[in-house]
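Residue numbers (UniProt numbering): 1 to 197.
#1: For residue 56, which option in 194, 63, 183, 155 has the closest C-alpha, if you only look at C-alpha atoms?
#2: Sort out for me which residues DSSP pairs residue 98 with in a bridge.
#3: Can you find the residues in the same chain that come closer than 8 Å, C-beta to C-beta, to residue 65, ignoring five residues on each side of it along the sequence?
#4: What distance in whole Å lies between the Cβ atoms of residue 164 and residue 177, which are believed to be in contact at a cut-off of 8 Å?
#5: My assumption, with CB atoms under 8 Å, is that residue 140 sits in contact with residue 149. Please give the rounded CB distance.
#6: Expressed to the nearest angstrom, what Euclidean distance is found between the alpha-carbon atoms of residue 111 and residue 131?
#7: Let me know the secondary structure DSSP gives residue 56 once reduced to three states.
#8: May I have the straight-line CA-CA distance separating residue 188 from residue 146, to the nearest angstrom?
#9: Can you look up residue 50 in the DSSP assignment and give me helix, strand or coil?
#10: Under 8 Å by Cβ, that's how I've got residue 172 and residue 39 pegged, so tell me the actual separation to the nearest angstrom.
#11: Roughly how many whole angstroms lie between the Cα atoms of residue 138 and residue 69?
#12: For a test of the three-state rule: what should DSSP assign to residue 19, helix, strand or coil?
#13: Restricting to Cα atoms, I'd like to know which of 186, 76, 31 is closest to residue 61.
#14: Determine the burial state of residue 31: buried for a count of at least 16 other Cβ atoms within 10 Å of its Cβ, exposed for fewer.
#15: Name the residue from 78, 100, 93, 128 whose alpha carbon lies nearest to the alpha carbon of residue 84.
#16: Look at the Cβ atom of residue 98, then the Cβ atom of residue 74, and state whether they are nearer than 8 Å.
#17: Using C-beta distances below 8 Å, list every residue in its chain close to residue 170, excluding the 5 sequence neighbours before and after it, in chain order.
#18: List the residues that DSSP assigns as beta-bridge partners of residue 164.
#19: Have a look at residue 105 and residue 78 and give me their C-alpha separation to the nearest angstrom.
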């Protein structure tokens, strides 16, 4: 479940950040509050993703691609097309995994670390900086047209799983999300918004 949780966390973070509106033009006065407001402005969308996972147990990086879907306030989907079909859906407190013709639904409360990821995304979508900072130490660097937001878990259980999550983009457009796990594994997801297509 460890690798699965990290992959889902990446998908969830990407979905929350990708479906932002372009209403705010880039500017040099880029603060955490402004970034949170910008990322939380749009309440639904779609994005194509390509994900590369670097695992110590694998000789070569693992590549996957597909689509992310978000509908406010708490519905997220990750539809992997390649290399194998897989659907992950987070709806409220429930996580449904559909893979290899088998569907399983579990309550997020059974996986506190994963639940913390989900709650932090909901806080981001609501523009709730306070709630986000309950789970992570949050920092923003760069300017409006080239920013990076770094999330470092505060909770000791989360720290045992994840070292940091880095999101980078330009204005309201997220280009990349990287999750570094405590054991040295990492995943990198690149995104292209397809909401208007």
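All C-beta atoms, glycine included, are put in the ideal place defined by N, C-alpha and C.
Here the structure is a predicted model, which is why all the values come from computation and not from measurement.
According to the structure shown:
#1: As a working mapping, residue 56 is identified with position 56 in the chain shown. Residue 183 is the option with its Cα nearest to residue 56.
#2: Walking along the chain shown from the start, residue 98 turns up at place 98. Beta-bridge pairing by DSSP links residue 98 to 87, 103.
#3: As a position in the chain shown, residue 65 is number 65, starting the count at 1. Apart from sequence neighbours up to five positions away, the residues of its chain that approach residue 65 with a beta-carbon distance below 8 Å are 48, 49, 50, 51, 80, 81, 82, ordered along the chain.
#4: Here residue 177 corresponds to residue number 177 of the chain shown, with the count starting at 1. Here residue 164 corresponds to residue number 164 of the chain shown, with the count starting at 1. Rounded, the Cβ-Cβ distance is 11 Å, inconsistent with contact.
#5: Working through the chain shown from its first residue, we reach residue 140 at position 140. Working through the chain shown from its first residue, we reach residue 149 at position 149. Indeed they touch by this definition, with Cβ atoms about 5 Å apart.
#6: By one-based count along the chain shown, residue 111 stands at place 111. By one-based count along the chain shown, residue 131 stands at place 131. Rounded to the nearest whole angstrom, the CA to CA distance from residue 111 to residue 131 is 19 Å.
#7: Against the chain shown, residue 56 aligns to sequence position 56. DSSP, reduced to helix, strand and coil, places residue 56 outside both helices and strands of the structure shown, so it counts as coil.
#8: Locating residue 188 in the chain shown gives position 188, where the first residue counts as 1. Locating residue 146 in the chain shown gives position 146, where the first residue counts as 1. Taking the straight line joining both Cα atoms gives about 18 Å.
#9: Here the question's residue 50 lines up with position 50 in the chain shown. DSSP places residue 50 in strand when its eight states are reduced to three.
#10: Within the chain shown, the letter at position 172 stands for residue 172. Within the chain shown, the letter at position 39 stands for residue 39. Indeed, because the Cβ distance is near 7 Å, the residues count as touching under 8 Å.
#11: Position 138 of the chain shown, counted from the start, is the residue given in the question as residue 138. Position 69 of the chain shown, counted from the start, is the residue given in the question as residue 69. If you take the alpha carbons of residue 138 and residue 69, they lie about 25 Å apart.
#12: Within the chain shown, numbered from 1, the residue matching residue 19 stands at position 19. Bear in mind that a pLDDT of 46 at residue 19, under 50, signals an unreliable position, so the number given afterwards is only what the model happens to contain. Here DSSP, grouped into helix, strand and coil, assigns residue 19 to coil.
#13: Taking the first residue of the chain shown as 1, we reach residue 61 at position 61. Closest option to residue 61, judged by alpha-carbon separation, among 186, 76, 31: 186.
#14: Sequence index remark: in the chain shown, residue 31 carries index 31 (1-based). With fewer than 16 other Cβ atoms within 10 Å, it is exposed.
#15: Working through the chain shown from its first residue, we reach residue 84 at position 84. Cα-wise, what sits closest to residue 84 is 100.
#16: Locating residue 98 in the chain shown gives position 98, where the first residue counts as 1. Locating residue 74 in the chain shown gives position 74, where the first residue counts as 1. Taking 8 Å as the cut-off, the beta carbon of residue 98 is found no closer than this to the beta carbon of residue 74.
#17: As a position in the chain shown, residue 170 is number 170, starting the count at 1. Hits under 8 Å: 26, 144, 145, 146, 147.
#18: Position 164 of the chain shown, counted from the first residue, corresponds to residue 164. According to DSSP, residue 164 bridges with 180.
#19: In the chain shown, residue 105 corresponds to position 105, counting from 1. In the chain shown, residue 78 corresponds to position 78, counting from 1. Approximately 15 Å, taken between the alpha carbons.
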